[in-house]
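Residue numbers for the sequence shown follow this note's numbering, beginning at 178 and rising by one. Glycine included, every Cβ here is placed at the ideal spot set by N, Cα and C.
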Amino acid sequence: MRLGLDFDETVTLDPELFGQLISLFTARGHEVIIVTIRQVSNNLNADVLAFAEEHQVEAIFTGGKQKAPFCDNLGKHVDVWMDDYPAAIPSVNKLAGMAFSCVKMKDLNIEPDDEEER
Numbered sequence: 178m179r180l181g182l183d184f185d186e187t188v189t190l191d192p193e194l195f196g197q198l199i200s201l202f203t204a205r206g207h208e209v210i211i212v213t214i215r216q217v218s219n220n221l222n223a224d225v226l227a228f229a230e231e232h233q234v235e236a237i238f239t240g241g242k243q244k245a246p247f248c249d250n251l252g253k254h255v256d257v258w259m260d261d262y263p264a265a266i267p268s269v270n271k272l273a274g275m276a277f278s279c280v281k282m283k284d285l286n287i288e289p290d291d292e293e294e295r
């Protein structure tokens, strides 16, 4: 299994935790890659590259392109994504379906309301 891990506002929220997660996944034989929509620029990506090197994982910079098709084009199909901004993952032509699913889930009261959370 390949896990695609976002960096900004995901890994950066708790780098130690995500480092442990990477260790757990790789110890079980899974591959973890960092996939960010950042532009390719070694000057501005030192934090991503340092984290990737420290944890011996690949870092992919999509340059603002949708993550899933970008990785697929590199032959790096991701099975599971962890990302704070899921709209950056699917192909653009699948975004409407994703938005429709979110609306339907809310219509079905799948999301807990304030009273249920108490």
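Asked	Found
Given this structure, state the Cα-to-Cα distance separating Asp224 from Ile214, to the nearest angstrom.	14 Å
So Val234 packs on Ile210, CB below 8 Å; how close in whole Å?	6 Å
Please return the same chain residues whose Cβ sits closer than 8 Å to the Cβ of Gln216, not counting the five positions on each side in sequence.	Phe238, Gly240, Gly241
Taking C-beta to C-beta, are Asp191 and Met259 nearer than 9 Å?	no
Give me the Cβ distance between Thr187 and Asp261, rounded to the nearest whole Å; I'm assuming they're in contact under 8 Å.	5 Å
Note down, in chain order, each residue of its chain lying with its Cβ closer than 7 Å to the Cβ of Ala229, except the 5 sequence neighbours on either side.	Ile211, Glu235, Ala236
Helix, strand or coil for Phe202 per DSSP?	helix
So Val255 and Ala245 are in contact, right, with Cβ under 8 Å, and what is the actual spacing, rounded?	7 Å
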